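S.K.: Here our numbering is used: the first residue of the sequence shown is 1, the next is one more, and so on. Quick reminder that beta carbons are idealized off the backbone N, C-alpha and C, glycines included. This structure is a prediction, so every number in the text was calculated from the model and none was measured.
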Amino acid sequence: MPPEPQLLQARHIDAGYGTMQVLWGVDLDVRPGETVLLLGANGAGKTTFLKSLVGLVPVRQGRIDLAGTEVTHMRSSDRMRLGVTYMSELGVFPDLSIEENIRVGAQALGHPDPGARVDELYGLFPVLREKRRAAASSLSGGQRKMLGIAKALAAEPKLLVMDEPSAGLSPLFVKEVIRILGDLSQHGISLLIAEQNISFLEIATRVFVLEGGRIRFSGTVAEMSDNDALRRAYFGLK
Ligand code: ATP
Numbered sequence: 001m002p003p004e005p006q007l008l009q010a011r012h013i014d015a016g017y018g019t020m021q022v023l024w025g026v027d028l029d030v031r032p033g034e035t036v037l038l039l040g041a042n043g044a045g046k047t048t049f050l051k052s053l054v055g056l057v058p059v060r061q062g063r064i065d066l067a068g069t070e071v072t073h074m075r076s077s078d079r080m081r082l083g084v085t086y087m088s089e090l091g092v093f094p095d096l097s098i099e100e101n102i103r104v105g106a107q108a109l110g111h112p113d114p115g116a117r118v119d120e121l122y123g124l125f126p127v128l129r130e131k132r133r134a135a136a137s138s139l140s141g142g143q144r145k146m147l148g149i150a151k152a153l154a155a156e157p158k159l160l161v162m163d164e165p166s167a168g169l170s171p172l173f174v175k176e177v178i179r180i181l182g183d184l185s186q187h188g189i190s191l192l193i194a195e196q197n198i199s200f201l202e203i204a205t206r207v208f209v210l211e212g213g214r215i216r217f218s219g220t221v222a223e224m225s226d227n228d229a230l231r232r233a234y235f236g237l238k
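#1: Over what stretch of residues does the alpha helix (DSSP H) that includes T47 continue unbroken?
#2: May I have a chain-ordered list of the alpha helix (DSSP H) segments no shorter than 4 residues that lie completely inside the stretch 135-207?
#3: Please return the same chain residues whose Cβ sits closer than 6 Å to the Cβ of M146, not counting the five positions on each side in sequence.
#4: So, L139 versus M162, is the Cβ gap smaller than 9 Å?
#5: One question on the structure: do M80 and P157 come within less than 9 Å of each other, judged by their Cβ atoms?
#6: Taking its Cβ as the centre, do 16 or more other Cβ atoms sit within 10 Å of T35, making it buried, or is it exposed?
#7: Kindly indicate which residue of I193, R144 and I98 has the alpha-carbon position closest to the one of A135.
#8: DSSP on E70, reduced to helix/strand/coil?
#9: Below 8 Å, is the gap between the Cβ of T220 and the nearest heavy atom of ligand 1?
#10: What is the DSSP secondary structure of Q107, counted as helix, strand or coil?
#11: Beta carbon of N42: closer than 8 Å to some heavy atom of ligand 1?
#12: In chain order, what residues of the same chain have a beta carbon less than 7 Å from the beta carbon of V92, not counting five sequence neighbours either side?
#13: Could you tell me the alpha carbon to alpha carbon distance between A44 and L169, rounded to whole angstroms?
#14: Let's see if you can read the secondary structure: which residues bound the alpha helix (DSSP H) around V127?
#15: Helix, strand or coil for L82, going by three-state DSSP, please let me know.
#16: Using the C-alpha atoms, what's the distance from T19 back to L128?
So this is what it looks like as structure tokens:
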């Protein structure tokens, strides 16, 4: 059987800021339909890596392919056209209304019918329709995260890259976000999620653990929990 095609393939990525190198030879791949979790503590380099994938931090060494096209030094907007969307920790424009935020997401790629796309997304997130004219800043943390996801989905990405979707949320809202992301993956969207919250293992098909800018582990959730040192470090178990 030929190997399964990769949606995203990052090989030996080095990146950093000025004289500081943050990433050291990072390898990571996402296959179509997968939910890949990039786990790591504060400062491990998760954000830097995600930004290097979407063209917001330059890659110094290594190669990135997206949907079969090399994108290592491609502009961010061109990568979006190939089907990758990035959701930062903040994820929304607080001063714009809910509807304006979603439209910005749809227009980023010149969606042929942004109005229809906005309606589809209200179907997925009815609470956003109710508040469509309100400023994003008026939403609760959980609702704001929903809006961030809706805005990112508006561009109809093949791969949604998310930086700490749990940031600033109560455990109850974290559960809700995990449920929403689980639903999305049922709809065939591939996800790459950077997190320090291990609750996201629930929806992960594979896990990469980043420590000090290096990949320490990659494998399935079961393989991760079979590894004594990782189990102690991440699950707090002996
Ligand atoms: P966090 O969960 O805190 O966002 P992270 O795993 O995403 O952590 P990064 O934000 O990628 O980690 O940071 C990795 C290292 O790079 C840290 O030492 C950080 O201080 C440094 N760093 C991040 N952004 C910059 C920047 N714009 N300029 C200089 N150094 C930076």
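M.R.: Taking the geometry as given:
#1: K46 to V54
#2: 141-153 and 171-186
#3: F125
#4: no
#5: Taking 9 Å as the cut-off, the Cβ atoms of M80 and P157 count as close.
#6: buried
#7: I98
#8: strand
#9: no
#10: helix
#11: yes
#12: N101, A136, R144, L147, G148 and K151
#13: Answer to the nearest angstrom: the Cα atoms are 21 Å apart.
#14: P126 to E130
#15: coil
#16: 44 Å
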